[in-house]
Amino acid sequence: MAASAAELALMTPINPISKFSRPSSKFATLRPQHFRFRVSASSPPAAATAPPKKKKANKTEIKESLLTPRFYTTDFDEMEQLFNTEINKKLNQDEFEALLNEFKTDYNQTHFVRNPEFKEAADKMQGPLRQIFVEFLERSCTAEFSGFLLYKELGRRLKKTNPVVAEIFSLMSRDEARHAGFLNKGLSDFNLALDLGFLTKARKYTFFKPKFIFYATYLSEKIGYWRYITIYRHLKANPEFQVYPIFKYFENWCQDENRHGDFFSALLKAQPQFLNDWKAKLWSRFFCLSVYVTMYLNDCQRTAFYEGIGLDTKEFDMHVIIETNRTTARIFPAVLDVENPEFKRKLDRMVEINQKIIAVGEGQDIPLVKNLKRIPLIAALVSELVAAYLMPPVESGSVDFADFEPRLVY
Ligand SMILES: [Fe+2]
Ligand SMILES: [Fe+2]
Numbered sequence: 001m002a003a004s005a006a007e008l009a010l011m012t013p014i015n016p017i018s019k020f021s022r023p024s025s026k027f028a029t030l031r032p033q034h035f036r037f038r039v040s041a042s043s044p045p046a047a048a049t050a051p052p053k054k055k056k057a058n059k060t061e062i063k064e065s066l067l068t069p070r071f072y073t074t075d076f077d078e079m080e081q082l083f084n085t086e087i088n089k090k091l092n093q094d095e096f097e098a099l100l101n102e103f104k105t106d107y108n109q110t111h112f113v114r115n116p117e118f119k120e121a122a123d124k125m126q127g128p129l130r131q132i133f134v135e136f137l138e139r140s141c142t143a144e145f146s147g148f149l150l151y152k153e154l155g156r157r158l159k160k161t162n163p164v165v166a167e168i169f170s171l172m173s174r175d176e177a178r179h180a181g182f183l184n185k186g187l188s189d190f191n192l193a194l195d196l197g198f199l200t201k202a203r204k205y206t207f208f209k210p211k212f213i214f215y216a217t218y219l220s221e222k223i224g225y226w227r228y229i230t231i232y233r234h235l236k237a238n239p240e241f242q243v244y245p246i247f248k249y250f251e252n253w254c255q256d257e258n259r260h261g262d263f264f265s266a267l268l269k270a271q272p273q274f275l276n277d278w279k280a281k282l283w284s285r286f287f288c289l290s291v292y293v294t295m296y297l298n299d300c301q302r303t304a305f306y307e308g309i310g311l312d313t314k315e316f317d318m319h320v321i322i323e324t325n326r327t328t329a330r331i332f333p334a335v336l337d338v339e340n341p342e343f344k345r346k347l348d349r350m351v352e353i354n355q356k357i358i359a360v361g362e363g364q365d366i367p368l369v370k371n372l373k374r375i376p377l378i379a380a381l382v383s384e385l386v387a388a389y390l391m392p393p394v395e396s397g398s399v400d401f402a403d404f405e406p407r408l409v410y
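Throughout the sequence shown, residue numbering follows UniProt numbering, covering 1 to 410 in sequence.
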């Protein structure tokens, strides 16, 4: 994943970054054309030259919150059934074999090679930016590693039932391991390291049924793709903000995420029951909302990072949300009308409420008083979420699904 991979996908000619440097009013004009984010793991400093054993002593400390990157697990037996070619005649093995060949090509095999610029850049970075930068590397590494764990297990569990799909999952786990490893090497430039073995055992895993894994992972790969490519293009156009060389790798890197997204798109098409009814529409909108809001609230708590690389946080996020939504609309049967200015207004109100919730947590009150103060704020946040969910959606979906008519219209 990239902030994950589901974001990667099929498709779309990518819009130039110059587009998102325009004033935010532009968002009002971009109407849909019909078509169609873990661990604030703060590793205590460890000498870069310290032997691996010492790392254990400096265990990674994990600050969990609703917005931290998660690890996922699923019902692997149900997954096996879904990919059993004898049960599911809609599985297009030719398409999966073509995708497998793409993954076997391994376009980025020699891409992730470091150079002395990394350490030099890290040494120059001081003060708050250094701290927030470390957090960016930690969160990104955790997100990538989460993808690695899930894909690796799927590759293992599907081996007998569907060897082609299983091998694709294994090759995607190869990509995610590479991404996580590269980010962890980046942390070593700051004399830190995430203990990924410890993380694997210590983190809680969120269980999602296969259907929800598909929605969440597709979105996660796609949004990751749009985040990486947007940062890459912005820094290419504004090299004075190129504070650390890792961003130069994002162009090819995000193509991995794009391929992962393509694969999930093919998986969803092979399971039309996850796309073609009224429940699918409701769940599609739910997952879009969860992913977009989580990213927006997370990023708005970290504006120093985005400003540090010359981005306006909200403008960056809205660009990513709009592009991800347009991409997602090619496959999901319904998406949110994120280009309606009211959607952004709701997101901004959620940021304000979230800031108040954080301020209560950081205050001096006893826990009981804190909880009492949180109640109306959480109610207000939920109310904004529900209102955003209930905004009139955008009917969408691939033309490939025309033959699943009649569809419920609501
Ligand atoms: Fe990915
Ligand atoms: Fe990735």
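By construction, the Cβ of each residue, glycine as well, lies at the ideal position given by its N, Cα and C atoms.
Pull up the CB-CB distance for residue i and residue j, whole angstroms please, since I reckon it's below 8 Å.
i, j, result
"E144", "G155", "Contact flag wrong, Cβ pair sits at about 16 Å."
"P333", "K281", "5 Å"
"V360", "K373", "5 Å"
"V164", "E97", "6 Å"
"A216", "F208", "6 Å"
Just to confirm, does residue i get its C-beta within under 8 Å of one of the non-hydrogen atoms of ligand 4?
i, result
"D312", "Although ligand 4 was asked about, the structure shown includes only ligand 1 and ligand 2 as ligands."
Could you check whether residue j and residue i sit closer than 9 Å to each other, using their CB atoms as the reference points?
i, j, result
"F214", "L149", "no"
"N325", "Y296", "no"
"F305", "F133", "yes"
"N92", "A270", "yes"
"P393", "V351", "no"
"G186", "L235", "no"
"residue 411", "Y228", "Within the shown structure, residues of the chain are numbered from 1 to 410, placing residue 411 beyond reach of any answer."
"I246", "L137", "yes"
"R259", "L99", "yes"
"C288", "T328", "yes"
"A388", "F343", "yes"
"K222", "E257", "yes"
"E384", "A266", "no"
"T230", "F316", "yes"
"Y225", "K248", "no"
"Y244", "M125", "yes"
"D262", "R174", "no"
"P367", "K90", "no"
"A180", "L192", "no"
Looking only at its own chain, which residues have a Cβ that is under 7 Å from the Cβ of residue i, when we skip the five neighbours before and after it?
i, result
"E80", "R157, L158 and T161"
"L390", "none"
"I321", "Y292 and V338"
"D75", "K209 and P210"
"E395", "A334"
"residue 417", "Residue 417 falls outside the range modelled here, since the chain spans only 1 to 410, and no answer is possible."
"T200", "L149"
"F264", "A6, F214, T217, Y218 and E221"
"F241", "L235, I309 and G310"
With a threshold of 6 Å on Cβ separation, who are the neighbours of residue i within its own chain once the five nearest residues in sequence on each side are excluded?
i, result
"residue 416", "In this structure the chain extends from 1 to 410, so residue 416 is not present and cannot be described."
"L190", "The residue asked about is misnamed: residue 190 is Phe in this sequence, not Leu. Cβ within range, chain order: A122 and V134."
"G397", "P333"
"F103", "I168 and L171"
"L377", "I353, K356 and I357"
"G363", "none"
"K26", "Any reading at K26 needs caution, since the residue's pLDDT is 29, under 50, leaving its predicted position unreliable; the model's value is listed next. Excluding residues within five positions, none has a Cβ falling inside 6 Å."
"N238", "G310"
"G308", "L129"
"E323", "W226"
"T73", "Y205 and F207"
What are the residues that DSSP puts in a beta bridge with residue i?
i, result
"F71", "Y205"
"A334", "E395"
Excluding sequence positions up to five away, which residues of its chain have a Cβ less than 8 Å from the Cβ of residue i?
i, result
"F169", "Y151, K152, L154, G155 and L158"
"D348", "K314"
"A77", "Just to set this straight, residue 77 is Asp in the shown sequence, not Ala. Contacts found: none."
"K370", "V360, G361 and G363"
"I87", "Q81"
"N115", "P245"
"V382", "none"
Are the C-beta atoms of residue i and some chain D residue less than 9 Å apart?
i, result
"G197", "This model lacks chain D altogether; it includes just one protein chain."
*Going along the chain, which unbroken runs of the alpha helix (DSSP H) with 4 or more residues stay wholly within the UniProt domain "Rubrerythrin diiron-binding" (135 to 268)?*
Correct list: 163 to 188, 196 to 202 and 210 to 237.
*Within the stretch 285 to 372, note down every full beta strand (DSSP E) run reaching 3 residues or more, in order along the chain.*
none
*Start-end ranges of the beta strand (DSSP E) lying completely within the stretch 73 to 102, minimum 3 residues*: none
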